[in-house]
Amino acid sequence: MREEIINCSNEVTAFVANNESDVEAFRIKYSGKKGILNDFFARFKDVPNNEKKETGQVLNQLKMLVAEKIESLTSQFQSGQQSTIKIDDYTRPAQFDFAGSRHPISIVRNKMISIFERMGFSVEEGPEIEDDWHNFSALNFPPEHPARDMQDTFFIDTNPDIALRTHTSSVQIRVMENNKPPIRSIFPGRVYRNEAISARAHCFFHQIEGLYVDKNVTFADLKHALLHFSREMFDSKTNIRLRPSYFPFTEPSAEMDISCNLCGGEGCAFCKYTGWVEILGCGMVDPNVLQNCNIDPTVYTGYAFGVGVERITNLLYGVKDLRMFSENDIRFLEQFEGA
Ligand code: DAH
Numbered sequence: 008m009r010e011e012i013i014n015c016s017n018e019v020t021a022f023v024a025n026n027e028s029d030v031e032a033f034r035i036k037y038s039g040k041k042g043i044l045n046d047f048f049a050r051f052k053d054v055p056n057n058e059k060k061e062t063g064q065v066l067n068q069l070k071m072l073v074a075e076k077i078e079s080l081t082s083q084f085q086s087g088q089q090s091t092i093k094i095d096d097y098t099r100p101a102q103f104d105f106a107g108s109r110h111p112i113s114i115v116r117n118k119m120i121s122i123f124e125r126m127g128f129s130v131e132e133g134p135e136i137e138d139d140w141h142n143f144s145a146l147n148f149p150p151e152h153p154a155r156d157m158q159d160t161f162f163i164d165t166n167p168d169i170a171l172r173t174h175t176s177s178v179q180i181r182v183m184e185n186n187k188p189p190i191r192s193i194f195p196g197r198v199y200r201n202e203a204i205s206a207r208a209h210c211f212f213h214q215i216e217g218l219y220v221d222k223n224v225t226f227a228d229l230k231h232a233l234l235h236f237s238r239e240m241f242d243s244k245t246n247i248r249l250r251p252s253y254f255p256f257t258e259p260s261a262e263m264d265i266s267c268n269l270c271g272g273e274g275c276a277f278c279k280y281t282g283w284v285e286i287l288g289c290g291m292v293d294p295n296v297l298q299n300c301n302i303d304p305t306v307y308t309g310y311a312f313g314v315g316v317e318r319i320t321n322l323l324y325g326v327k328d329l330r331m332f333s334e335n336d337i338r339f340l341e342q343f344e345g346a
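So the sequence shown is numbered by the numbering used here: it starts at 8 and just counts up by one.
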């Protein structure tokens with residue numbers, strides 16, 4: 008009988024069903040009232056005592072096997088799949104499953120990172136929950152500076168010392184505190200601001216910060232790095248212009264425009280007929296900031312810049328509403344291709 012049970016197990020394993028009625032026939036044949044399993048159990052009492060243990064084991068295994076098989080066959084037909092695929096038309100083109108696509112912000116961030124990596128920048132990250140020192144004080148923000156305002160900054164548990172970072176400039180401080188020059192790094196990451204959410208503003212967005220500190224780093228180095236970045240990111244005809252500006256952590260400070268990539272600088276509605284669009288803030292690291300990180304400003308100089316990833320993505324793809332980046336609407340997301 009042991010042999011018989013083993014043969015039967017092999018049959019069960021090999022069984023293939025083509026439709027639901029095959030499954031039902033299988034169930035009746037093996038575990039129906041007058042089915043094979045009951046028959047084996049009825050005959051079990053005649054098995055000689057010295058074989059009972061081994062025979063009982065294989066019989067119980069068969070019982071489990073039949074139950075599992077019925078379950079898997081049933082679920083197969085419930086979910087509409089069949090174990091044997093019938094192909095009627097061999098010329099039919101294959102169907103490809105949409106495997107998902109990378110988020111546009113990730114595509115653009117990765118492209119930006121790889122441009123700077125080719126220029127010799129390493130990539131570092133810092134925490135999104137920051138203290139006042141790294142987000143503001145060490146960056147030379149005066150105590151009464153409006154950026155510290157509760158209206159702009161998300162503070163944690165009303166503790167005025169801990170906040171969600173409002174910019175990736177905080178990572179400059181962490182990196183300079185922990186490394187000696189030369190430092191040439193970029194810091195990509197998410198930043199948070201207490202803004203009313205609209206097409207043009209969001210409570211979180213992404214930045215990439217750049218920092219280069221060494222002996223004899225000049226404004227000309229900054230300008231050249233940013234020109235190269237802009238031409239790699241947009242096209243080789245892109246021009247840049249730097250306008251004087253103010254940031255507490257850079258001196259001098261500038262904002263950078265690129266020639267409008269939609270009209271090539273001719274002037275259009277997008278660039279408000281100026282031919283230029285602003286893309287980033289930059290400048291020479293303020294000596295106070297170097298000092299705050301124990302880097303001697305009489306020996307070293309540095310430049311820094313901060314670019315918004317959403318801004319660049321909008322320029323490249325013409326996305327008009329920032330909220331689309333965080334809505335997870337597949338119809339929007341599947342339109343982007345890239346690594
Ligand atoms: N942190 C600034 C912001 O969020 C951007 C910025 C401006 C970064 C100038 C810099 C810089 O490193 O030098 O608006």
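In this text, a Cβ means the ideal position worked out from N, Cα and C, and glycines have one as well.
Tell me the DSSP secondary structure of residue i in three-state form.
i           : result
residue 23  : coil
residue 253 : strand
residue 277 : coil
residue 214 : strand
residue 285 : strand
residue 199 : strand
residue 269 : coil
residue 151 : coil
residue 308 : strand
Measure from the alpha carbon of residue i to the alpha carbon of each residue in the options, then state which is nearest.
i           : options            : result
residue 211 : 135, 239, 243      : 135
residue 130 : 256, 249, 116, 335 : 116
residue 229 : 218, 14, 239       : 218
residue 267 : 147, 335, 278      : 278
residue 122 : 77, 237, 111, 170  : 237
residue 104 : 346, 341, 345      : 341
residue 316 : 78, 119, 293       : 119
residue 1   : 110, 98, 56, 159   : Only positions 8 to 346 of the chain appear in this structure, which leaves residue 1 out of reach.
residue 80  : 26, 101, 327, 37   : 26
residue 145 : 204, 257, 227, 106 : 257
residue 209 : 260, 308, 249, 159 : 159
residue 185 : 99, 132, 272       : 132
Would you say the beta carbon of residue i comes nearer than 7 Å to a heavy atom of ligand 1?
i           : result
residue 158 : no
residue 257 : yes
residue 289 : yes
residue 133 : no
residue 106 : no
residue 317 : no
residue 231 : no
residue 85  : no
residue 174 : yes
residue 285 : no
residue 208 : no
Can you round the beta-carbon distance between residue i and residue j to whole angstroms, since I take them to be within the 8 Å contact cut?
i           : j           : result
residue 265 : residue 245 : 5 Å
residue 73  : residue 8   : Wrong, their Cβ atoms sit about 17 Å apart, outside the cutoff.
residue 66  : residue 12  : 6 Å
residue 163 : residue 170 : 6 Å
residue 308 : residue 178 : Contact doesn't hold; Cβ gap of about 19 Å is too wide.
residue 313 : residue 288 : 5 Å
Does ligand 2 have a heavy atom nearer than 7 Å to the CB of residue i?
i           : result
residue 243 : No copy of ligand 2 appears in this structure; the ligands present are ligand 1.
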